[in-house]
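Going letter by letter, the sequence shown gives residues 5 to 309 in the working numbering.
Just so you know, even glycine gets a beta-carbon here, dropped at the ideal spot from N, CA and C.
Note that the structure is a prediction, hence the values are computed from the model and not measured.
Reviewing the structure listed below.
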Amino acid sequence: MKYINQIGISAAFLLVFSQCGPANTTSKSTENSAPEKESLKIVSIGGTLSEVVCALGSCDQIIAADKTSTRPKSLQDLPSVGYRTGIKAEGVVSLDADIVLAEEDHINAEVVTQLQATALPVHTFKHELNVASTKKIITDIGKIINKEQEAKQLVLTLEQDLNLLDSMIGKTSTKPRVLFVYARGLGSLSICGKNTFAEELIKMAGAQFAVDEVFDYKPLTPEALVAANPDYILFFDSGLESLGGVEGALQIQGLMQTTAGEKKQVLAMDGLWLSGFGPGVGKAAIQLATSIHPELAAHNVAQSN
């Protein structure tokens, strides 16, 4: 992505800033209304929101996005507003967008307040990592960008994916133990425990979550890895790459003392596809299910690019 140069803003603009944060709701709009245009210029902050806009057929309306907006890959060629705490109101305002869509945990509340003080319509979303939240975000964005019919169809497609997933899981006879590890090289390894995307998606895929006693993110130790004894170990694509691929991952201390290590059952999936709970979450779960249940290979309909 190309970075946006931060520009100065007027003293008058600075004076209207306040310290209030966005409401703790699934979606919230400012009092400013989006202009009635057939094609709105959108700044999208949050990879899942960007993915939804594109799935609704409006990818060409996104004029800039944040660094988490990686799917589809064409978004990475757009100007970037930055990453989370690095996103500044001045840079967003300078883009002359019609609306801003933002996930609450992808932008500072202070910046949202600054944007709300302008005439720029801002819509914030609290994205919970479950399918119900995904459906609501799709529906809400459809209303905001005048794609309500497309949103209904996208929700229907998601429901069809989930029905197929349920049917596939019903044909399995095992529940392999799966452990997700967040990796940034061998020196930076963390277990993703309960209350993370990993727990939800692994269970959706018909697997047993390997670390029910671990909450949130904890450093990976050899002892914890051996105790978890996963049948499969799962990474983001970028995480596995940081380790040097499968052979590099097998050098993680303790892994060869697990079933996953002994059988070299090391998996990797696109980060946003796996963790974002976007419109493709059903297909992502199908892809994972197919990888850990070999008997389901014939049913693999997941698309991951």
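Sub-9 Å separation of residue i and residue j beta-carbons
i	j	result
Gln261	Leu229	yes
Val285	Val182	no
Ala155	Thr143	yes
Ile62	Ile149	Here residue 62 is Ser; the residue named in the question, Ile, does not match the sequence. Yes, they are a contact pair.
Tyr221	Val270	no
Leu53	Ala106	yes
Leu60	Ile145	yes
Val57	Asp70	no
Ala253	Ala187	yes
Ile46	Gln65	yes
Ala214	Asn233	yes
Thr294	Met172	yes
Gly197	Glu217	yes
Ala67	Leu82	In the sequence on display, residue 67 carries Ile and not Ala. For Ile67 and Leu82, yes; Cβs fall inside 9 Å.
Ile290	Leu158	no
Val115	Lys92	yes
Pro223	Leu193	yes
Ala264	Leu278	no
Gly280	Gly95	no
Leu162	Ile206	no
Leu276	Glu55	yes
Status (buried if at least 16 other CB within 10 Å, exposed otherwise) for residue i
i	result
Arg75	buried
Asn28	Since pLDDT at Asn28 reaches only 33, below the 50 mark, its modelled position is unreliable, and no value is offered.
Leu3	Outside the shown range of the chain, which is 5 to 309, sits residue 3, and nothing can be said about it.
Ala301	exposed
Phe184	buried
Thr128	buried
Ser177	exposed
Ile296	buried
Asp100	exposed
Asp165	buried
Pro26	Only weak support is given to the placement of Pro26: the predicted model assigns it a pLDDT of 34, under 50, and the question is left unresolved by the model.
Gln120	buried
Glu108	buried
Residue i: first and last residue of the uninterrupted beta strand (DSSP E) it sits in
i	result
Ser194	Leu193 to Cys196
Thr176	Where Thr176 is concerned, there is no enclosing beta strand (DSSP E), given that its DSSP letter is neither H nor E.
Leu82	Here Leu82 belongs to no beta strand (DSSP E), and DSSP marks it neither H nor E.
Leu183	Arg181 to Ala187
Ala68	Ile66 to Ala69
From the options, residue whose alpha carbon lies closest to that of residue i
i	options	result
Gln118	Lys207, Tyr221 and Val97	Val97
Phe201	Val116, Ala301, Leu259 and Phe240	Phe240
Lys175	Lys92, Pro298 and Glu94	Pro298
His131	Asp165, Gly282, Ala121 and Val47	Gly282
Lys77	Asp274, Ser295 and Glu203	Asp274
Lys268	Ile67, Val250 and Leu276	Val250
Ser242	Lys207, Gly280 and Ala272	Ala272
His110	Thr225, Ala101, Ile256 and Thr72	Thr72
Gly189	Leu259, Leu205 and Ser246	Ser246
Leu133	Glu203, Ile256 and Ala123	Glu203
Gly191	Glu108, Lys147, Ile256 and Ala231	Ile256
Asn199	Leu205, Phe219 and Leu79	Phe219
Limits of the alpha helix (DSSP H) - the one that residue i falls within
i	result
Ser54	Gly51 to Ala59
Give the list of continuous beta strand (DSSP E) stretches no shorter than 3 residues that lie fully inside the stretch 202-290. Runs found: 221-223, 236-240 and 270-273.
Could you tell me which whole alpha helix (DSSP H) segments of length 4 or greater appear in the stretch 89-169? Runs found: 93-97, 113-120 and 135-148.
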